[in-house]
Structures are given as C-alpha cells and as structure tokens.
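Residue 1 is where the sequence shown starts when you use full-length UniProt numbering, and the numbers rise one by one after that.
Here's the structure we're looking at; comments come further down.
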Amino acid sequence: MSNFDSVFQSSVQNREAFWAEAAKGITWYKQYDKVLDSSNPPFYRWFVGGKMNTCYNAVDRHVENGRADQTAIIYDSPVTNTIAKITYKELQERVALFAGALQSQGVTKGDTVVIYMPMIPEAAVAMLACARLGAIHSVVFGGFAAHELAIRIDHAQPKLIITASGAIEGKKVLAYKPLVDSAIDQSVHEVKKVILFQRDIIKSEMKEGRDFDWNELVAASKPVGCVELDATDPLYILYTSGTTGMPKGVLRDNGGHAVALLWTMKNLYNINPGEVWWSASDVGWVVGHSYIVYAPLIQGSTTILYEGKPIGTPDAGAFWRVISQHGVKSLFTAPTAFRAIKKEDPNGEYFKKYDTSCFECLYLAGERLDPDTLHWAEKLIGVPVIDHWWQTETGWAIVGNCRGIEELPVKEGSPTKALPGYDVHIVNEEGTELAAGQEGNIVIRLPLPPGNLVTLWRNDERFVKSYMTKFPGYYDTSDGGYIDQDGYVYVMGRMDDVINVAGHRLSTGAMEEIISNHPDVAECAVFGTHDDLKGQLPLGLFVVKAGVTRSSDEIKEELVRMVRDAIGPIACFRDATQVARLPKTRSGKILRGTMRAIAGGKDYNMPSTIDDPAILDEITATLAKMGYPKR
C-alpha cells in the first residue's frame, strides 16, 4: 500500500481520529467536545462544542506568532498599474478597523452582509471583518447583473451591502454603484445601508442617509477584536447554480471549514507557511473564497490577489510576469485561462521572457481539462500540471493529486484519486454500485468531510432534496463518470442542466426562464455545447408564437440582450436560432440530451418515448446550418 493509499484508508475508516489530528493546526479558544456529531443525518456537524474564530486563525494568530512582518497579500493589478504588499500586521489593522466600522453600523454576530466587490484588497478585508464579528458574508461576483444581485439580496436579507464604485472589465470601466442601486430598487428586502469604497478609476454618487463612504467610516471607527464563535456557527453563504427564481445558498461553517482548508494547503498543494501561492480566480467564486482568502491565510502563506486577465492585461505573458516577479511556487487557475494563453501565444514566446525557476506546479480545476491543453502546458513550463475536481458545495477538492503526501502518476482525462475524507463511488440510477470502468452517477458516501456545505441557507428541505434523496446514504454530485481499476476517477460531465463556461457554473434552466419571458417566444431549449476556449457555451433554440412574423435574427438579438442583462456577460449566450418545433417525449419533456448529442456530433439512441422521430432530422439540419457539430 502506497503512502497516499494508507492516508486515504485512515481517513475513511477512522474519520474522527483523522480529522482530530488535522484540527491540531487550528487555534481553538475552547477544545471541541466531539469531532463528529452524526445524530441527525444528513445534517452532520463537525467539532461540536469547539470555540474559535476564522479571522483570528487567518490573521491575528500569525501576528502573535512571529509573522507580523511577513507579506500576507500581494495585490497585483495590471489594469490599474498597481502592486501593493500587505503584511499580516497591516492586514490585522485594516480588518480590525473595518470590523469596527461594520459594528458601528449595527452589524453583529449572525447578521448577513452582501459583498459586491472587484478584485481589490478591500474585498478580502470585508470578508475577514465579517468573519471577525461572526457576521455571515455572502459575496456576489461583481460581474452579475442587477437582477441576479436583487435575487440574492432577497434571499440573504443582508443588514447592509458592501461595494466599490467600479472595476475595469476589458478596456471599459464598469460602474458598480448603478447596478447595486438598481438591485436594491428591484429587491423586496429593504437595504438600509450601503458601504461604498470609492476607487480612483471611477467615483460614484452617494445616496443621502443610506450610503456611507468606506474611508470616512473607517476613520471614525475603533478596532475590534475577534468574537468567540461556535465551530458550527455559519461563516458564509455562497450562491450556486439554480433557476433564477430560487438560488441555492451553500452554507459553510467555521470550524470544519478552517480545519479542512488548512489540511489541503500542505497535503494537496504542497505549500508551506511563508511560501507564495497564487489562485487566479475571483472572490465571487468558491475558489476565491477557499484559496485566495481563507486557506492560504489560515496557513500563514502569502496569497496573491490579481486584478487582471490571463491575456490582454497587457498580453499573454501576464501570468508568467506575476509568477516571476513575486516568486510564486504554485498557481491554481481554470483550464480556460491556459486555453486563452495558448491561443494568443501558441509557441510560448512570452514565457521565454521571464525567469520562472521559482515555479513548481500548475493546478487546474473548474472544468474538464482537455488533453491538448494539458500536454501544451506540460511541454511549455516543464513542471507538473495537476488537474483536480471539486464543487461550490464541497469547498475543496473531491478528487486530486496530493503532492504533499505522495505525487501520483498523472493519467490523461482523470483528476487522479478521491482525496482523503471523500468515499467516492459510482452507482447506476437505482443506486447499485458499478464495477470499475462502468460509467454512472458519481456519489460520495456520507458523512461528507469537514469544510463541505452543512445545508442550504434558509432551506434544509431543499438541501435534502437536492443532494441527499436520490441515493440515500450518499451525497449526489450530479456529475457522471467512472472509476478505473487503479482507483482513478474520471468525471465525464453534469447529469443536470448546469454547464461550465470558463470555470463558471451556470444554469441553462435559468437561461431558458429568461428567454421564455420574451413576448414572441412560445418555448425554448438551452443546452451546453463544446467550446475549445471556454469548455462549454450555451446554445439556444426557440419556437415563436403563432402569428409572429418578425425577423428571427431580430428576436435572437433581443434574447441575447435579455440573458446578458439578467445573468451578465459571463453567460456568453450568443448562439441561438429559431426552429419550427422542439423534439419531445410523448409526455412533453424536451429532449435536451439528444439535441446536445447532435450538436456535439455524438452517437445517440432514438428515445423510445419520442413523439415524432422526424423532428430530429429537422434539428440536425438546423444545427448543421449553424456549424454544428464543430470540426
């Protein structure tokens, strides 16, 4: 048995002992009474009775234990031509003061706070300040449209909103304040206070009596300490894919989250305290929560907060410049980023301009890693390229290559093996376990390890229904795949309507809801198609109402605009066409999976329940005119 295999077996056979050992790395105000409370499945609770504070573990304890002058955050912003280094001592001062500012506005333990910020240090400060007080933060990605923000405001019901005046998107300055104002106007929940950080790139109008200037508020505030919290108290809400009507608010606790993330920094990513780590994501996504802010800071590493893109800020050498300039040991990003770099600089001319001898490993996740990108990256940079797989719900990797324990051989198409703590199985629709090599539903035997979602915010019933009901005793990942004879997991794609656009999980059902609201549209279908750059892109087919004589192209343009306005440009919804009818079963279910197979050039079986087989020929011809399947 290899070293990794023995660690893994320990984690699933002796769960409590395994995670009790991991918990020694966290500073507890009071030791927990019980490692795992299994009395109310599937609502498992980790480190019950323990008292701690995530902000203390991420900031204050490092100041007290000799890291005060070490750099905690490197802010690198090519879009504003800014580089700033913040030590742990400086971070403590900023966070304590802003926590005081929040407290002065009535924020206390258990309150919710929505954060709508670009990739600036103040975003991390806001998150940590909430954690310091025991307030529950909900970060909403700054690129989301006002309508999407309004839905999250109504669901999270925040005491206040923290935002900035704007961000730079491409070559344009995007004003955030009008989006926030519009979202507040659209929401039923009354937002009484907004804290606004005014940036040099754009200034925003302030609403008298409601809006407070960040700097003025901080200047008038006093620093506050960390509130003692139960390990089981909530840390944050993060909304994940769902229909526009009812978002899923993933709820993370404090204790289990801190223990699990600290464990991954060394064991999965092989990063030690004091080393420079870079996760090129956004704080609006789970990767940004886990691996820009919390995990590296809890460990005492140096984390890079990057406000830029892999290309265009200013060129395809941006990542190599950051790695070289700041001494980055490992980078974690999405395959999309490397596909973009490969497209712009296929021969790696920009890479040759920089000394990247400090660089040891590239980690990719967020979408499927295609073999072409894997081999291109391996050949260019000459370091291990490690794929791993996880979800917003899990908060850290389900499957990966634990280089800090034992680096396993890479198999093309597989993110390697299930991580310690995750008892992964493949089952058929009836829940029967399948043999090695057989494709089915990827499930995880309960309990989930610490750091995973504990429930959905204000919706225990949906938590059980969404994840725990289809396969009793297991967490349903909603992904399909198989495990080979060596224990390597292969993730083949979603079993539901969620697609992965450049590492962003988006609901095609939500897009259909928006399109269905168009006055000329009778019905529609949106499904994911393969894209070399972004992994997947949405494709829409729509049927117009009887009597509509308007141009199909005109309607398409309006649909594209509607999706962009409602979800934002990240949806990348550009491809749509009118059809006479959609293929359905006799019971009326639209055959999206069959259309997805046709668009992807894949074989499919004629569904036995199809209403009219001839319609598939019509759909095939329509998709062919649109250039599908793409060659």
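Note that CB positions come from ideal geometry on N, CA and C, so glycine has one too.
Proximity test, Cβ basis, 7 Å: residue i and chain D
i	result
Arg550	No chain D appears in this structure, which consists of one protein chain only.
Closest Cα partner of residue i within the set the options
i	options	result
Arg445	Ala510, Asp520, Leu133 and Ala418	Ala418
Gly225	Leu297, His518, Leu133 and Gly288	Leu133
Glu344	Leu362, Ser330 and Ala318	Ala318
Phe359	Lys353, Trp320, Gly473 and Gly300	Trp320
Glu64	Thr54, Gln92 and Lys85	Gln92
Asp211	Ile201, Ile202, Leu217 and Ile195	Ile195
Met206	Ala183, Pro178 and Asp479	Pro178
Gly473	Pro450, Asp479 and Val464	Val464
Ala546	Ile590, Arg581, Gly503 and Leu559	Arg581
Leu369	Tyr306, Asp532 and Gln103	Asp532
Tyr363	Ser301, Asp497, Met265 and Ser357	Met265
Leu235	Ile271, Tyr294, Asp484 and Cys524	Tyr294
Cys130	Ala146, Pro371, Pro384 and Gln105	Gln105
Asn385	Thr333, Leu448 and Ala614	Note that residue 385 corresponds to Val in the displayed sequence, not to Asn. Comparing Cα positions, the closest option is Thr333.
Ile499	Thr356, Glu148, Asp553 and Asp479	Asp479
Pro420	Pro569, Pro450, Thr313 and Ile515	Pro450
Val548	His137, Asp520 and Ala260	Asp520
Glu21	Lys30, Gly249 and Val35	Val35
Val544	Arg61, Phe573, Val579 and Ile341	Val579
Lys192	Ser330, Glu148, Lys159 and Lys630	Lys159
Val107	Asp5, Thr356, Gln157 and Asn347	Gln157
Tyr354	Ala316, Glu378 and Thr80	Ala316
His530	Ser187, Met595, Glu618 and Asp486	Met595
Residue i vs residue j beta-carbon contact at 7 Å
i	j	result
Leu174	Ala167	yes
Leu537	Cys402	no
Pro415	His388	yes
Met606	Pro42	no
Ala150	Ala183	yes
Tyr628	Ala597	no
Thr303	Trp277	yes
Ala231	Gly481	no
Glu367	Gly503	yes
Gly440	Val427	yes
Leu448	Ile515	no
Ala576	Gly540	yes
Ser290	Gly382	no
Ala135	Asp111	yes
Val95	Val59	yes
Arg61	Thr27	yes
For residue i, the first and last residue of its enclosing beta strand (DSSP E)
i	result
Ser182	Taken as a continuous stretch (DSSP letters only), Ser182 belongs to no beta strand (DSSP E), being part of the alpha helix (DSSP H) at Lys177 to Gln186.
Ile237	Pro234 to Thr240
Ala72	Thr71 to Ser77
Thr163	Leu160 to Ala164
Tyr116	Thr112 to Tyr116
Leu196	Val194 to Phe197
His388	From DSSP, His388 is part of no beta strand (DSSP E); its letter is neither H nor E.
Leu362	Cys361 to Leu364
residue 636	The first residue shown for the chain is 1 and the last is 631, placing residue 636 beyond what the model contains.
Arg45	Arg45 to Val48
His137	Ile136 to Val139
Ile442	Gly440 to Arg445
Residue i Cβ short of 6 Å to the ligand FAD heavy atom set
i	result
Val180	Only the bare structure without any ligand can be found here, which leaves the ligand FAD out of the picture.
Run of the alpha helix (DSSP H) containing residue i, from where it starts to where it stops
i	result
Glu16	Arg15 to Ala22
Ile570	Counting along the chain, Ile570 falls outside any alpha helix (DSSP H), and DSSP gives it neither H nor E.
Gly593	Arg592 to Ala599
Leu217	Trp214 to Ala219
Ile381	Pro371 to Ile381
Arg61	Arg61 to Glu64
Ala337	Pro335 to Glu344
Cys130	Pro121 to Leu133
Val95	Tyr88 to Ser104
Ile619	Ala614 to Lys625
His189	Note, His189: premise wrong, no alpha helix (DSSP H); not H, not E.
key: Three or more C-beta pairs below 8 Å linking the region 279-288 and the region 140-155   = yes
task = Could you tell me whether the region 94-109 touches the region 219-238, where touching means 3 or more Cβ pairs closer than 8 Å?
result = yes
inquiry  = Would you call the region 81-88 in contact with the region 58-72, where contact means no fewer than 3 C-beta pairs closer than 8 Å?
reply    = yes
key: Start-end ranges of the beta strand (DSSP E) lying completely within the region 246-329, minimum 3 residues   = 248-253, 276-279 and 302-306
Sequence ranges, beta strand (DSSP E) only - wholly within the region 476-560, length at least 3 = 489-494, 498-501, 504-507, 521-531 and 535-544
message = Does the region 44-56 come into contact with the region 253-270, if we say contact requires no fewer than three beta-carbon pairs (one atom in each stretch) closer than 8 Å?
response = yes
message = Would the region 215-224 count as touching the region 11-21 if we require 3 or more Cβ pairs under 8 Å?
response = no
query = Do three or more CB pairs link the region 424-438 to the region 501-511 at distances below 8 Å?
reply = no
query = With a cut-off of 8 Å, do at least 3 Cβ pairs link the region 269-277 to the region 306-316?
reply = no
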